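Undergrad:
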Amino acid sequence: MKQPLFHATVSSSGVVRPTRVEVRLDRLAANFRAIRDHVAPAGMMPIVKANAYGHGMVETARLVESLGADYIGVAVLEEGILLREAGIRCPILVLGGILGNQVPHFLAHGLTITASSLERLDQIDQAAGRMRMKAKIHLKIDTGMERIGVHHYNAEAFIEKAVSLPNLIVEGVFSHFANSESADRSSARLQLERFNGVLSIFDRRGFPRPRYTHMANSGAILQHPESRFDLVRPGILLYGVYPSDDVERTVAVKPALSWKSRVVYFKIIRPGNPVGYGSTWSCDHPVHAVTVPVGYGDGYFRAMSGKAHVLIRGKRYPVIGTISMDQIVVNLEEESAFSDDEVILIGGEGDGSIRCEDLASWAGTIPYEILTNINTRVPRVYSERPGSGSADPGGTN
Ligand SMILES: *Cc1c(COP(=O)(O)O)cnc(C)c1O
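In structure tokens form, the structure reads like this:
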């Protein structure tokens, strides 16, 4: 089986740490295409916030731009600026709430602003006027998330003001689901109904509909086809992970990220000699153990202590003792491993694989939090870009 080749983009010294994240760009591309084919004719706004859910924001943005993304979504201003500085030219929407004094930075970098209150409309309009520019905005409607946005029942005055201000281009209108990935679809349906009510205001009042209406995150892409509108906003699904266990899997995607390290130390632990901080683990017989240079300082959560497993040479072994900041100890019982042997923290294929969902359940959280917490101390290494949209090479990466 053909193995993808990887290159690291993070190391200037030429030294790449043995603990690394490997991202398969061919998988990301295949996931992008699978989602796009599923939602067509709706367009794609891939979400690359939080370092592209750990996959590397700039590399991911470059890839989706080359695949024809219509828009790119980030959470905060700084992420948008970073993408512009990296040369991304695709339209970029910053999804989160803003402060009035940030508006000039949005305009200077050609970033689209989420407008989520009447006060913000004025601030954006005035800043744009001062800079003799037009600000591209997307109106955020709160249909039941209660985070940011104008409540759906107050939307008429918001829309009326937005379309009347001279320095604003109302390019989009959007909302966000609170429960699109759950088996019970009633909450999402109610939010969608409220959003449709808001959209009808444009028609009733004779305002032109904005170019982009959007609402669907990963869960809605999978389960709520009537929420696709003009653009969809896939986050976790793009990365090949489903937003929940009970979501309907109407699009086939595969994980693009593996997290790996190497054995740096082998030893035999004598009975009664405890392992790690707090001496929480010990054995009544001698065991073979290896030490691996990864810990909660990399995002390998301490909460997984006593539950986590890793793969070495295709076999699953438990992590013993308390997970430290920089190291873990793995129990091989009577088996052996050697310095340099690969240790898979997330990855592998088939039954033997360890998924980020497994880490999430050990840590008592969701896959999103696992992926976004693999921090920048862990270098990202990328497979070669997909050349011809070639078939998935498979294999055990
Ligand atoms: C993060 C985010 C998304 C993507 O959510 P997923 O569940 O990862 O698909 C979409 N829209 C908004 C507004 C978001 O904040």
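Our numbering numbers the first residue of the sequence shown as 2 and each following residue consecutively. All C-beta atoms in this analysis are idealised placements derived from N, C-alpha and C, irrespective of residue type, glycine included. These numbers were taken from a predicted model, which means no experiment stands behind them.
1) Between the segment 20-34 and the segment 380-387, can you find at least three pairs of beta-carbon atoms closer than 8 Å?
2) In whole angstroms, give me the CA-to-CA distance for Thr377 and Gly279.
3) Which of the three DSSP states, helix, strand or coil, is assigned to Glu370?
4) Going by the beta-carbon positions, is the gap between Phe339 and Val293 smaller than 9 Å?
5) So, at 6 Å on beta carbons, what are the nonlocal neighbours of Phe302 in its own chain, with the 5 sequence-adjacent residues on each side left out?
6) Could you give the C-beta distance for Ala128 and Val104, rounded to a whole number, given that I count them as a contact under 8 Å?
7) State the Cα-Cα distance for the pair Val151 and Val199, rounded to the nearest angstrom.
8) Rounded to whole angstroms, what is the Cα-Cα separation between Gly220 and Lys308?
9) Does ligand 1 have even one heavy atom less than 8 Å from the beta-carbon of Lys50?
10) Could you check which residue in Ile347, Ile73 and Ala43 has the C-alpha nearest to that of Trp260?
11) Taking only heavy atoms of ligand 1 into account, decide whether any of them is closer than 8 Å to the Cβ of Glu147.
12) Tell me, please, whether the segment 170-188 touches the segment 212-232 by the rule of three or more beta-carbon pairs shorter than 8 Å.
13) Measuring from the CB of Arg37, is there a heavy atom of ligand 1 at a distance below 8 Å?
14) Whose CA, out of Arg271, Asp71, Val174 and Arg317, lies closest to the CA of Ser117?
15) Please state whether DSSP places Asp341 in a helix, a strand or coil.
16) Under 8 Å from any heavy atom of ligand 1, does the C-beta of Glu182 make it?
17) Classify Pro319 as helix, strand or coil using the three-state DSSP reduction.
18) Could you compute how far the alpha carbon of His286 sits from the alpha carbon of Tyr369?
19) Considering Cα atoms alone, identify which of Leu191, Ile313, Tyr72 and Ser337 is closest to Ile355.
20) Using alpha carbons as the reference points, say which of Ala87, Glu336 and Val254 lies closest to Val288.
21) Give the range of the beta strand (DSSP E) segment to which Leu440 is assigned.
22) Quick one: complete alpha helix (DSSP H) runs, 4+ long, within the segment 54-90?
23) Whether or not the segment 267-281 and the segment 199-218 are in contact is what I'm after, with contact meaning three or more pairs of Cβ atoms, one per stretch, closer than 8 Å; do they touch?
24) Taking the CB atoms as reference points, tell me whether Glu120 and Gly97 lie closer together than 9 Å.
25) Between which two residues does the alpha helix (DSSP H) carrying Ile329 extend?
26) Mapping the DSSP letters down to three states, classify Ile355 as helix, strand or coil.
27) Beta-carbon within less than 7 Å of Thr397's beta-carbon, same chain only, minus the 5 sequence neighbours each way: which residues are those?
28) For Arg317, collect the residues of the same chain with a Cβ closer than 8 Å to its Cβ; drop the 5 residues on either side in sequence, then sort them by chain order.
29) Looking at Asn218: is its Cβ nearer than 9 Å to the Cβ of Gly241?
30) How many whole angstroms separate the CB atoms of Gly273 and Ser283, which I take to be in contact at a CB cut-off of 8 Å?
31) What runs of the beta strand (DSSP E), each 3 residues or longer, lie entirely inside the segment 118-175?
32) Quick test of your reading: Phe196 and Ile160, contact by CB under 8 Å. State the CB separation rounded to the nearest angstrom.
33) Is Glu194 helix, strand or coil when you go by DSSP?
34) Is it buried or exposed for Asp341, if we count other Cβ within 10 angstroms and need 16 for buried?
35) On the premise that Val248 lies in contact with Ala290, defined as a C-beta separation below 8 Å, what is that separation, rounded to the nearest angstrom?
36) In or out: Leu185 buried (at least 16 other Cβ within 10 Å) or exposed?
TA: Reading from the atomic positions:
1) Flag = yes, the segment 380-387 and the segment 20-34 touch.
2) Spanning the two alpha carbons is a distance of roughly 28 Å.
3) Three-state DSSP puts Glu370 in a helix.
4) No, these two residues do not count as a Cβ contact at 9 Å.
5) Same-chain partners within the cutoff: Ala364.
6) Right, the Cβ-Cβ distance comes to about 4 Å (below 8 Å), so this counts as a contact.
7) Rounded to the nearest angstrom, the gap between the Cα atoms of Val151 and Val199 is 11 Å.
8) Gly220 and Lys308: Cα-Cα distance of roughly 28 Å.
9) Lys50 has its CB nearer than 8 Å to a heavy atom of ligand 1.
10) Among Ile347, Ile73 and Ala43, the Cα nearest to that of Trp260 belongs to Ile347.
11) The closest heavy atom of ligand 1 lies 8 Å or more from the beta carbon of Glu147.
12) Yes, the segment 170-188 touches the segment 212-232.
13) No, since every heavy atom of ligand 1 falls outside the 8 Å radius drawn around the Cβ of Arg37.
14) The shortest Cα separation from Ser117 among Arg271, Asp71, Val174 and Arg317 belongs to Val174.
15) Under the three-state reduction of DSSP output, Asp341 falls in the coil class, being neither helix nor strand.
16) Result yes, Cβ under 8 Å from ligand 1.
17) Residue state, collapsed to three classes: strand.
18) Between His286 and Tyr369, the alpha-carbon positions lie close to 39 Å from each other.
19) That would be Ile313, whose Cα lies nearest to the Cα of Ile355.
20) Comparing Cα-Cα distances from Val288 to each of Ala87, Glu336 and Val254, the minimum goes to Glu336.
21) With the chain represented from 2 up to 398, any question about residue 440 goes unanswered, as that position is not in the structure.
22) 58-67 and 78-86, all fully within the segment 54-90.
23) Output reads no: the segment 267-281 does not touch the segment 199-218.
24) Result no, Cβ atoms of Glu120 and Gly97 do not sit closer than 9 Å.
25) For Ile329, no alpha helix (DSSP H) run applies; the uninterrupted beta strand (DSSP E) run containing it begins and ends at Ile329 to Glu334, by DSSP.
26) Secondary structure of Ile355 (DSSP, three-state): strand.
27) Only weak support exists for where Thr397 lies, its pLDDT of 37 falling under 50; the value from the coordinates is given anyway. Contacts found: Gly349 and Glu350.
28) Only His310, Val311, Gly353 and Ile355 meet the Cβ criterion.
29) No. Outside cutoff.
30) Rounded, the Cβ-Cβ distance is 6 Å, consistent with contact.
31) Taken in chain order, the complete beta strand (DSSP E) segments of 3 residues or longer contained in the segment 118-175 are 136-143 and 169-175.
32) Contact doesn't hold; Cβ gap of about 13 Å is too wide.
33) Helix at Glu194.
34) When all chains shown are included, Asp341 counts as exposed.
35) So it is not a contact: roughly 38 Å between Cβ atoms.
36) The amino acid occupying residue 185 in the given sequence is Asp; Leu does not appear at that position. So Asp185 ends up on the exposed side.
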